[in-house]
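Report on the following structure.
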Amino acid sequence: MFARHVAKKLSAYAHGELAGAESARVATHLASCARCRGEFEEIKLGIRLVESVPARPAPAAMWGEIEAALPALPATLPASAASADFESTAVHATPRRRGPLRRRARGASDDFALTVGRASWLAGWRRAAVACSLLVLFAGVCGVVWVYHGSTRATWEVASLAGAPRVGSARVGKSARLGVGEWLETDADSRAELSVANIGQVEIDPGTRLRLVSTRLTEHRVELARGRMHARIWAPPRLFFVDTPSAVAADLGCAYTLEVDDKGRSLLQVTSGWVAFETKDRESMVPAGAACVTQPGTGPGTPFFEDATEPFVDALASFDFARGGADALASVLKEARARDTLTLWHLLARTSGADRVRVYERLAQLAPPPANVTREGALALDRRTLDDWKGALEATWLGGRDTNIKGTWRRMRAWLERNCPIP
Amino acid sequence: MEQFAVMTEERGGAGLVESCQRGDREAFRLLFEEYKDKVYSVAFYFFAGDEAVASDVTQQVFLKLFTRIAQFRHQSEFSTWLYRLTTNACIDEQRRRKRFEPVEDTAAAALPRARGSAEDRLARREVRDELQGAIAALKPKLRIAILLKYFEELSYAEIADALGCSQGTVASRINRGHKVLARRLGHLRGSLFRGE
């Protein structure tokens, strides 16, 4: 299908300057066009670069210099002295500079001298218009306050789906706004829906506590302290992040459910696309149909498909969180199916020495590596080799879905509680 | 500062302009306080961080603003009018200076080479200088569009109004500006966003 590239619209897209339909077209195109995604990465870098430039405060003494250069001002200046076309003066249409500041000040003084004579006859009319002026002033104050808040305080719309969700201490009626730093909370009977800027939606289940951390062109971030959220994001990768007590979920263009329990453990379940679940030194790439568990102090465990066998999942939890070592790894390898190469591929980087060799051999047995993937490269964790193998494996990771992830999550939490409790 | 904010809010944007039109010197000061940093920032980065030129341009803008404010007839947003004055002042100043010293060449030559540094503070300063130089090295039309977007926080429609061109042209200039900066400063990605 013919699809126009969107490279020229990417800054307007990032700035939220496109109309809804056009913005959606750009988002859809980005999801399928690597070339435009590359361009978008470039635009985002440009945006972040300029955003990092600090505003410069004007020198403190400047007012004194300007005031000294100003002519003695008349008590009242007539607005009618205006030249009608002054406001529409376009760029480059101003006269060239005539000389230094002081000389311009004298010119300005002349301008004012021409207008003073006509000032007095307007005074009466002005007094009669005081009431109107007050109304204008009031509208002005409202306008300034509205513009100020609109431009400096980005907020997300919150809609109540059931019960009485709260933003801070205020109950959400039909809808409300969630500002940066504010908490959205749902009790046992309430649910809410959040509009994530113009890039997606998040549904909040009962018993959830979530905070908006930041929202800007190149990053939208929330903190999920506890509870469960369902996210649907249609933006390009790595614009939407969720901080949990034990890892960060980075959206890669997807839909997913994320749950955090009272101990700070979390379960990520991806229903479409990919999510990266990561800490500073560990990353789990989780595709649709797979899940990943995190534990405070350990970070994201190894991702696994929801339809993996129970012994496989238990052995994996033991390996990830209870220092199960070689025995747990042996059980994982024994129970692994072709689709569990997702888990094994991740385990290559999470094992060493003889254990890594065992993982490689089982992985190669289940899915022989393509010609450009060498044993040496894989065991040395060569980035390109691992990426090539992952690319070849992805076909076996698609399709198939199990809906029993909630049962798996309950079982894993109980297992973790017994084997590696959090004080 | 808090007192100033209250006063400004009490008087309101439109009310402040009208007070200035009546010759209220305190209103002039409040209006100056409200906009001075934004105007100065645009001029500062337009002229590659030259504080003296930025100060001069800012003074020109406000002096022209105050001496002509009686002519403002509320047919457009006051801020648009102000930024049009700012844009004109920057471009006129650049024209004048170009006869003696091409700003683009100077800025490009001033770009420091990327290199490592033991001192974080020095490294940050180098990054900042490099960014500043790259912005100043943009073509003036791209530069002013970028500066109005980021320092005045204007929408594309407002920038188009201030520059006297279409929104499509503004979108194109900003897009090109972003790309030029990203390509020129791609090596800063690591040092700029380290620790995020």
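Chains A and B, in that order, are what the protein sequence lines are.
Counting in our numbering, the first sequence runs from 2 upward without gaps.
Counting in our numbering, the second sequence runs from 1329 upward without gaps.
C-beta atoms are modelled at their ideal positions from N, C-alpha and C, and glycine is treated no differently.
Please read all numbers here as calculations on a predicted model, not as lab measurements.
Distance between beta carbons of residue j and residue i, contact taken as under 8 Å
i	j	result
A/F184	A/G169	Reading off the sequence shown, one finds Trp at residue 184 of chain A, where the question assumed Phe. Correct: roughly 6 Å between the Cβ atoms.
A/Y361	A/L380	6 Å
A/L50	B/L1509	5 Å
A/V261	A/R227	5 Å
A/L367	A/A339	5 Å
A/V333	A/F322	That belief does not hold up - the Cβ atoms of A/V333 and A/F322 are roughly 13 Å apart, past 8 Å.
A/T219	A/A198	No, A/T219 and A/A198 are not in contact; Cβ-Cβ is about 11 Å, not under 8 Å.
A/A1	A/A316	The structure shown has nothing for residue 1 of chain A, since chain A only spans 2 to 424.
B/L1391	A/A70	6 Å
B/T1414	B/V1389	5 Å
A/R178	A/V159	7 Å
A/A256	A/S273	4 Å
B/E1458	B/L1513	6 Å
A/A350	A/L394	Contact flag wrong, Cβ pair sits at about 14 Å.
B/L1516	B/V1455	6 Å
A/P304	A/L343	6 Å
A/T386	A/G378	3 Å
A/A337	A/R357	Not confirmed; about 15 Å, so no contact.
A/V271	A/P246	About 20 Å; that fails the 8 Å criterion.
Beta-bridge pairing of residue i - partner residues as DSSP gives them
i	result
A/L300	Note on identity: in this sequence residue 300 of chain A is Gly, with Leu being the wrong assignment. Partner(s): A/Q296.
A/A291	A/F306
A/A163	A/R192
A/M286	A/A277
A/G180	A/T156
A/R210	A/E186 and A/R227
A/Q202	A/S196 and A/R233
A/R172	A/R167
Min CB distance residue i to chain D below 9 Å
i	result
A/L11	The structure shown contains no chain D; its protein chains are A and B.
Minimum length 4: unbroken alpha helix (DSSP H) runs contained in the stretch 1364–1413 of chain B: 1379–1396
Every unbroken beta strand (DSSP E) inside the stretch 216–277 of chain A [3 residues or more]: 220–234, 241–244 and 249–261
Near-chain A residues of the stretch 1376–1393 of chain B - C-beta to any C-beta below 8 Å: E1379, A1382, S1383, D1384, T1386, Q1387, Q1388, F1390, L1391 and K1392
Given 8 Å, three or more beta-carbon pairs between the stretch 229–243 of chain A and the stretch 294–305 of chain A: no
Contacting positions in the stretch 42–59 of chain A - beta carbon closer than 9 Å to chain B: E42, E43, I44, K45, L46, G47, I48, R49, L50, V51, E52, S53, V54, P55, A56, R57, P58 and A59
Chain-ordered residues of the stretch 14–30 of chain A with a beta carbon less than 8 Å from chain B: H16 and E18
Length-filtered (4 minimum) alpha helix (DSSP H) runs lying within the stretch 337–383 of chain A: 342–351, 354–367 and 376–380
Residues of the stretch 62–73 of chain A with Cβ closer than 8 Å to any Cβ of chain B, in chain order: M63, W64, E66, I67, E68, A70, L71 and P72
Residues of the stretch 1350–1362 of chain B whose Cβ lies closer than 9 Å to any Cβ of chain A, in chain order: R1350, G1351, D1352, R1353, F1356, R1357, F1360 and E1361
Residues, ordered as in the chain, of the stretch 247–258 of chain A that lie near chain B by beta-carbon distance below 8 Å: none
Contact list for the stretch 1485–1503 of chain B against chain A, Cβ threshold 7 Å: L1491, G1492, A1499, S1500, I1502 and N1503
At least three beta-carbon pairs within less than 8 Å, the stretch 1481–1501 of chain B to the stretch 27–46 of chain A: no
Those runs of the alpha helix (DSSP H) which lie wholly inside the stretch 30–72 of chain A and span at least 4 residues: 35–52 and 63–70
Inter-stretch contact at 8 Å, needing at least 3 Cβ pairs: the stretch 1390–1401 of chain B / the stretch 1470–1483 of chain B: no
Segment contact flag, the stretch 1370–1390 of chain B with the stretch 1399–1408 of chain B, C-beta cutoff 8 Å, min 3 pairs: no
contact_flag[the stretch 45–60 of chain A, the stretch 1341–1359 of chain B] where n(CB pairs < 8 Å) is 3 or more: no
Chain B contacts from the stretch 278–298 of chain A (Cβ-Cβ distance under 7 Å): none
Residues in the stretch 197–228 of chain A having any Cβ partner in chain B nearer than 8 Å: none
The stretch 161–168 of chain A touching the stretch 188–197 of chain A, judged by at least three CB pairs closer than 8 Å: yes
Residues within the stretch 1471–1483 of chain B neighbouring chain A, beta-carbon criterion of under 8 Å: I1474, K1477, Y1478, F1479, E1481 and S1483
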